[in-house]
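2 protein chains.
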Amino acid sequence: MMKFTINRRIFDQALKVVAKAASSKTPIDVLKGIKILATSSGILLTGSDATITIEDFISSDNDQNQLTITEKGAIILDSSLLSSLISKLPGEQVTLEVTSNFQTVIASGNSEYTLNGQNPDDYPRLPEIDPYSTFKIPGNLFKKVINQTIISVSTNEIRPIFTGIHVELSNNDLKLVATDSHRLSQRIVPLESPKDIGDEPIVLNIPGNSLSELKKIVSDDEDIDIQVTNNQILFKVGTTSLYSNLLEGMFPNTDNLLTNSEDTILDISSTQLISAVARAKVLLASGSNKVVKLELDENKVVLSGHSAQVGNFEEELDILGADGNPLSISFNPDYLESALKTFDGQDVRIKFQTASRPFLIVPKESADSFEMLQLITPIRTPGSM
Amino acid sequence: MMKFTINRRIFDQALKVVAKAASSKTPIDVLKGIKILATSSGILLTGSDATITIEDFISSDNDQNQLTITEKGAIILDSSLLSSLISKLPGEQVTLEVTSNFQTVIASGNSEYTLNGQNPDDYPRLPEIDPYSTFKIPGNLFKKVINQTIISVSTNEIRPIFTGIHVELSNNDLKLVATDSHRLSQRIVPLESPKDIGDEPIVLNIPGNSLSELKKIVSDDEDIDIQVTNNQILFKVGTTSLYSNLLEGMFPNTDNLLTNSEDTILDISSTQLISAVARAKVLLASGSNKVVKLELDENKVVLSGHSAQVGNFEEELDILGADGNPLSISFNPDYLESALKTFDGQDVRIKFQTASRPFLIVPKESADSFEMLQLITPIRTPGSM
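In the order they appear, the protein sequences are chains A and B.
The first sequence begins at 1 in the numbering used here and counts up one residue at a time.
The second sequence begins at 1001 in the numbering used here and counts up one residue at a time.
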């Protein structure tokens, strides 16, 4: 039955990667575990919560892995137990050996554990990926555009399509859109078209959770190989593979929400506005409804907030410029704060129409383009139009 | 009504110190707040949860404090709100002004908050301290001996006297003892007697919680001035004062538990044994009763553990030496781990009698003294005597 010896640190790192997908909360016992498969060429580790699956392969060809497979085989071992155990063992190497009844002996230094394992045949089979399209995206770019849009992904399952990021890949660019119907994030970046994309863009709705996990396993200098089927997507990064379901359904056309016909503009440092919003939130933290008000007139721009229990807040903002009609508009400070953070310290332009229409935040540098934008729907307060 | 301007960073630090005593869980509304008293000489901040009170004084004589008191007075403001607000304000200085109805305007930079305060007359009065004894202990020493004994303080209120550390101060030394009836920690250090101690030692039972808070506000290079009354103790460190109740009742005489008549000894590196216990705990974490077994015979010393759900663990320990009768003894690994950590990496001697009698851990260097010791009561398992 399965037996191998491996470098403990390498094994530890690989377990931590696949353990991200294994769930401790699932009612399906085998999914609390990690499947370990020893073949003649190496060790394949699999963790899954049924919607996301992560695999990592440790090759016996790489000397650094110090991997010697004495006997091929497979086992399922509890994910969190195995991870914390391997990280605490004393030796440089660790040996795993499956004995009878899926009992697994783990030895390192003078330590020896015997763990109760599970039958590897009970582990769910991964879908065969028969991709209609295959392409490549640089890791640092994909992480960046995910970060800029994932903030607007909905956590509410009522409209499942909004729990994902809508991705469109055409011959010249990559477009991501996310919305929870109160706010919207959009990012368009130029991307050289992969060879086999035709005239029709590739359109995918990828679950936000899968992209959160993907971010954690991609390093900046790696490319991500992506394979797409009708209902599955596979991301390959180095020796690691992440499988995810795709969301079904149509993502609404959101382009009609975006307009350059603003009546009022405000230019401001995103960093300064974030600080002011953070101060306003201190006051509102204990209140029931979080609302912050922004008032612009010819002379000044004032941010204010009010909580019946706690008191009130008012701050005149340092701005870079403002133009257009006077305006008084109210909104959720959490939305504004997370939107501003995607600009990474840049100066931004906020483009308002009226107090009841959504407003746009774009980089001041490229204020007329929709390539990087955040949209926020205001809160109607008594007296606003 | 009260008005002053102060350096924001200094005010922030002082608030964080007194906020440690203010409780957000108390049913007494004023104790959720911090009392701010502005006098002609400075600002006195007070936080209290009724058993522990911390005061900090910011003097107007110290230029660094940038303190200008325009009008004397007092106010109570919500502790957590005030702390997080002051830490986020934009300016170098902050101005507080009480207006009507205990409304308090807090201004810094372009920010202005108005908070609902409470009537300062409603704040509980501190007891007058009329000490029968006053003495001084170096901060680093007191912190160290608290750390070495506080681990055995009971969290169970059934015997209140065990929720504190028993402190005896005589002419030549300071002795601390804590026990929760399953384990005991003792530390004796030489300490030059303060002037006004007579032949009778000073005996105090100080709540563990108060000493935990004290540890946080003492820096290593400061002396602690201590004043004692019959039921109160006051610790003064720099500009900060911590008042605590003393526990009533008699602490039992624990000296009869300590004996040098061991039948088996084990010398081992505390660091190595901590690692082995940590590994054993991984296996036991999900089990219901945490028990680890130590077996000594002529040839080797083995640590083992067993969990019906998870599996079992066995490790032969690297030891420095062992002597005496063979022994098999079981105990709570958490107790052993926290006891070993108090030795700060030193080699220790563990002194056993039988499998059913408490065992002692002492530094290997000074194995015959009781000046630094941890005692643990074993767990009787089927088959142990």
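We put the beta carbon where it would ideally sit given N, CA and C, even for glycine.
Buried/exposed call for residue i, threshold 16 Cβ in 10 Å
i	result
M1250 of chain B	exposed
N332 of chain A	buried
S269 of chain A	buried
E248 of chain A	exposed
R1380 of chain B	exposed
E92 of chain A	exposed
T1068 of chain B	exposed
R1279 of chain B	buried
A355 of chain A	buried
I106 of chain A	buried
M385 of chain A	For M385 of chain A, the predicted structure reports a pLDDT of 43, less than 50, and the residue's modelled location is therefore unreliable. A value from the coordinates is still provided. Exposed: under 16 other Cβ atoms inside 10 Å.
Y123 of chain A	buried
I1361 of chain B	buried
I158 of chain A	exposed
Q353 of chain A	buried
G345 of chain A	exposed
E213 of chain A	buried
T1259 of chain B	exposed
R1125 of chain B	exposed
A1308 of chain B	exposed
T26 of chain A	exposed
Reduced DSSP secondary structure (H/G/I, E/B, other) of residue i
i	result
F1331 of chain B	strand
R1183 of chain B	strand
P1138 of chain B	strand
A1074 of chain B	strand
P207 of chain A	strand
A178 of chain A	strand
D1064 of chain B	For the record, residue 1064 of chain B in the displayed sequence is Gln; it is not Asp. It is helical.
F162 of chain A	helix
A1276 of chain B	helix
E92 of chain A	coil
L191 of chain A	coil
L126 of chain A	coil
A1038 of chain B	strand
Q353 of chain A	coil
D121 of chain A	helix
S269 of chain A	strand
Residue range of the unbroken beta strand (DSSP E) whose run includes residue i
i	result
A322 of chain A	321–324
T104 of chain A	103–108
L48 of chain A	Looking at the sequence provided, one finds Ser at residue 48 of chain A rather than Leu. Unbroken beta strand (DSSP E) run through S48 of chain A: 42–48.
K1293 of chain B	1292–1296
Q408 of chain A	In the structure as shown, chain A begins at 1 and stops at 385. Residue 408 of chain A is therefore absent and cannot be evaluated.
T1240 of chain B	1240–1245
V1218 of chain B	No beta strand (DSSP E) contains V1218 of chain B, which DSSP labels as neither H nor E.
V1302 of chain B	1301–1307
Y132 of chain A	That residue, Y132 of chain A, is in no beta strand (DSSP E); it is neither H nor E in DSSP.
G1311 of chain B	1311–1316
K1025 of chain B	First-last for K1025 of chain B: undefined, no H or E at that position.
Terminal residues of the alpha helix (DSSP H) in which residue i lies
i	result
L31 of chain A	From DSSP, L31 of chain A is part of no alpha helix (DSSP H); its letter is neither H nor E.
A367 of chain A	Looking at the DSSP string, A367 of chain A is not in any alpha helix (DSSP H), and its letter there is neither H nor E.
D1012 of chain B	1008–1019
Partners in chain B for residue i, counting only beta-carbon separations shorter than 8 Å
i	result
N312 of chain A	Y1113, T1114
Where residue i meets chain B, residues with beta-carbon distance less than 7 Å
i	result
A278 of chain A	K1088
Rounded Cβ spacing between residue i and residue j (contact assumed at less than 8 Å)
i	j	result
V957 of chain B	L1169 of chain B	Residue coverage of chain B in this structure runs from 1001 to 1385, which leaves residue 957 of chain B outside it and unanswerable.
L1089 of chain B	R1008 of chain B	6 Å
I1054 of chain B	K1020 of chain B	6 Å
L45 of chain A	I34 of chain A	6 Å
T1005 of chain B	T1095 of chain B	4 Å
S1185 of chain B	Q1148 of chain B	6 Å
I1319 of chain B	L1266 of chain B	6 Å
L296 of chain A	L327 of chain A	5 Å
V1228 of chain B	L1204 of chain B	7 Å
L1375 of chain B	R1183 of chain B	6 Å
V237 of chain A	I217 of chain A	6 Å
Neighbouring residues, chain B, relative to residue i (Cβ below 9 Å)
i	result
V94 of chain A	Residues of chain B passing the Cβ test: none, with the nearest at roughly 12 Å.
L81 of chain A	V1282, L1283, A1285, S1286, V1310, G1311
Partners in chain A for residue i, counting only beta-carbon separations shorter than 7 Å
i	result
S1084 of chain B	V282
Proximal residues of chain A, C-beta to C-beta of residue i below 9 Å
i	result
S1275 of chain B	K88, P90
Under 8 Å by beta carbon: chain A residues contacting residue i
i	result
E1316 of chain B	N110
heavy atom of the ligand ADP below 7 Å from residue i C-beta
i	result
N205 of chain A	With respect to the ligand ADP, the structure shown offers nothing to examine, as it has no ligands at all.
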